[in-house]
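Engineer: Here the sequence shown is numbered in the working numbering, starting from 907 and rising by one per residue.
Virtual Cβ for every residue (Gly too), placed ideally from N, Cα, C.
Keep in mind that this is a model prediction, so the values were computed, not measured.
I'd like to ask you about the structure that follows.
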Amino acid sequence: MLKQTLLYTGKAKSVYETDHPDHLILVFRDDASAFNGEKVAQLDRKGKVNNLFNAFIMEKLAEAGIETHFEKLINPSEVLVKKLDMIPVECVIRNYAAGSLCRRLGVEEGKQLTPPTFELFFKDDALGDPMVNESQSVALGWATEEQLAQMKVLTYKVNEVLTALFNEAGMILVDFKLEFGVFHDRIVLGDEFSPDGCRLWDKETKKKLDKDRFRQGLGDVVEAYEEVAHRLGVNLDSI
Ligand code: ADP
Ligand code: TMP
């Protein structure tokens, strides 16, 4: 599969066309950013760790019957994926309160949310990814009601599968964000699942093992991502 025209340079990945119209290559870079691009850094190895981690998770989700864009790893930084028509609405599930939910509602970090909450965010850097609701998303033409319903069911299914997976490895899946797209009329999971787009805490110590280490200046960001990968049995030998 040949990497051709650069289609898009995002905050953490670059997207290339390939010689097949249904496929793209995603290149995971070492760039980290937070607070809508206010805080940026280069974190050595992050791109490779996230790419290998994401491949592992996407394979677990596929085994659980969730269709994803993952096709195959090309090398430690690059992955071949299905080219999706991305839906600009991000799906967030929270099992415990953290981040913007605490700021918005004055809730204490760590409060268990029963049942887990489901939220939508409009993917727009200029607006800082604002929270939106279903009727706004439909009225503004970002997704149909049916697509949103499918995305919600799939996000809860991902939560079930990954909560169990992380729990077995001694971690709490606090919250996470997913992006979906359309592939030949089907809703398919796209983008990535990595510690950049979720919150993970050690079950015993509540140590943060995700991007909050970068946001909050806690240090050892990639080391924490590698610890998560090792606990799950992700093979990082190729890095
Ligand atoms: P951002 O756009 O938030 O800066 P990234 O740096 O991760 O994010 O860039 C990757 C981009 O590729 C994102 O905009 C994401 O929506 C898009 N993307 C992810 N997977 C696919 C896919 N399978 N098909 C098309 N676009 C995708
Ligand atoms: P939040 O607390 O900032 O709203 O984020 C909830 C979770 O979703 C957290 O794990 C980070 C993730 N997330 C992203 O990675 N990107 C986004 O654009 C949004 C809105 C959330």
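As a quick exercise: from Ala1003, Lys917 and Lys909, pick the residue whose alpha carbon is nearest that of Phe941.
Structural biologist: Taking only the C-alpha atoms, the option nearest Phe941 is Lys917.
Engineer: Select from Pro982, Val946, Ser983 and Ala961 the residue whose C-alpha is nearest the C-alpha of Val975.
Structural biologist: Residue 975 is actually His in this sequence, not Val. Cα-wise, what sits closest to His975 is Ala961.
Engineer: Does the ligand TMP have even one heavy atom less than 7 Å from the beta-carbon of Gly1016?
Structural biologist: For the ligand TMP, not one heavy atom lies less than 7 Å from the Cβ of Gly1016.
Engineer: Please report the residue range of the beta strand (DSSP E) in which Leu1071 lies.
Structural biologist: Note, Leu1071: premise wrong, no beta strand (DSSP E); alpha helix (DSSP H) at Glu1051 to Glu1074.
Engineer: Can you pull the DSSP bridge partners for Ile1093?
Structural biologist: Partner(s): Val1088.
Engineer: So, for Met992: in the same chain, excluding its five sequence neighbours on each side, which residues have a beta-carbon less than 7 Å away from its beta-carbon?
Structural biologist: The residues are Glu1085, Gly1087 and Gly1096.
Engineer: Apply the 10 Å Cβ neighbour rule to Cys1059 and answer buried if 16 or more other Cβ atoms are within range, or exposed otherwise.
Structural biologist: It is worth fixing the name first, because residue 1059 is Val in this sequence and not Cys. Exposed: under 16 other Cβ atoms inside 10 Å.
Engineer: Give the range of the beta strand (DSSP E) segment to which Lys1112 is assigned.
Structural biologist: Looking at the DSSP string, Lys1112 is not in any beta strand (DSSP E), and its letter there is neither H nor E.
Engineer: Grab the span of the beta strand (DSSP E) containing Lys978 for me, first residue to last.
Structural biologist: Counting along the chain, the beta strand (DSSP E) containing Lys978 begins and ends at Phe976 to Asn981.
Engineer: From Lys1017, Glu1098 and Glu1129, pick the residue whose C-alpha is nearest to that of Lys1083; which is it?
Structural biologist: Per the Cα distances, Glu1098.
Engineer: Just reading off the alpha helix (DSSP H) that Ser1100 is part of, what are its end residues?
Structural biologist: Counting along the chain, Ser1100 falls outside any alpha helix (DSSP H), and DSSP gives it neither H nor E.
Engineer: Suppose only complete runs of 3+ residues qualify. What are the beta strand (DSSP E) ranges in the segment 989-1040, listed by chain order?
Structural biologist: DSSP runs (the beta strand (DSSP E)) wholly in the segment 989-1040: 995-1002 and 1018-1028.
Engineer: Check for me: the alpha helix (DSSP H) holding Glu923 runs from which residue to which?
Structural biologist: Premise fails: Glu923 lies in the beta strand (DSSP E), Lys919 to Glu923, not in any alpha helix (DSSP H).
Engineer: Say yes only if the C-beta of Cys997 is nearer than 7 Å to one or more non-hydrogen atoms of the ligand TMP, and no if none qualify.
Structural biologist: No, the beta carbon of Cys997 sits no closer than 7 Å to any heavy atom of the ligand TMP.
Engineer: Mark Glu1051 as exposed unless 16 or more other C-beta atoms lie within 10 angstroms of its C-beta, in which case mark it buried.
Structural biologist: So Glu1051 counts as exposed.
Engineer: Is it the case that the segment 994-1006 contacts the segment 1061-1071, given that we only count it when at least three CB pairs across the two stretches are under 8 Å?
Structural biologist: A contact exists between the segment 1061-1071 and the segment 994-1006.
Engineer: Express the C-alpha separation of Asn1141 and Lys850 in angstroms, rounding to a whole number.
Structural biologist: This structure cannot settle anything about residue 850, because the visible part of the chain is limited to 907 through 1145.
Engineer: To which residues of the same chain is Lys1017 closer than 8 Å at the C-beta, ignoring the five residues directly before and after it?
Structural biologist: Hits under 8 Å: Tyr1002 and Ala1003.
Engineer: For my contact list, Val1038 and Ala970 are in at a C-beta cut-off of 8 Å; report their separation, rounded to the angstrom.
Structural biologist: Not confirmed; about 28 Å, so no contact.
Engineer: Buried or exposed: where does Ala1049 fall if 16 or more other Cβ atoms within 10 Å of its Cβ makes it buried?
Structural biologist: The residue is buried, with at least 16 neighbouring Cβ atoms inside 10 Å.
Engineer: Given a cut-off of 8 Å on the beta-carbon distance, is the pair Glu977 and His929 in contact?
Structural biologist: Yes; because the gap between Cβ atoms is below 8 Å, this pair is in contact.
Engineer: Per DSSP, what are the beta-bridge partners of His926 in this structure?
Structural biologist: None, per the DSSP bridge assignment.
Engineer: Could you tell me the distance, in whole angstroms, from the CA atom of Phe1024 to the CA atom of Leu1054?
Structural biologist: Rounded to whole angstroms, Phe1024 to Leu1054 spans 11 Å at the Cα level.
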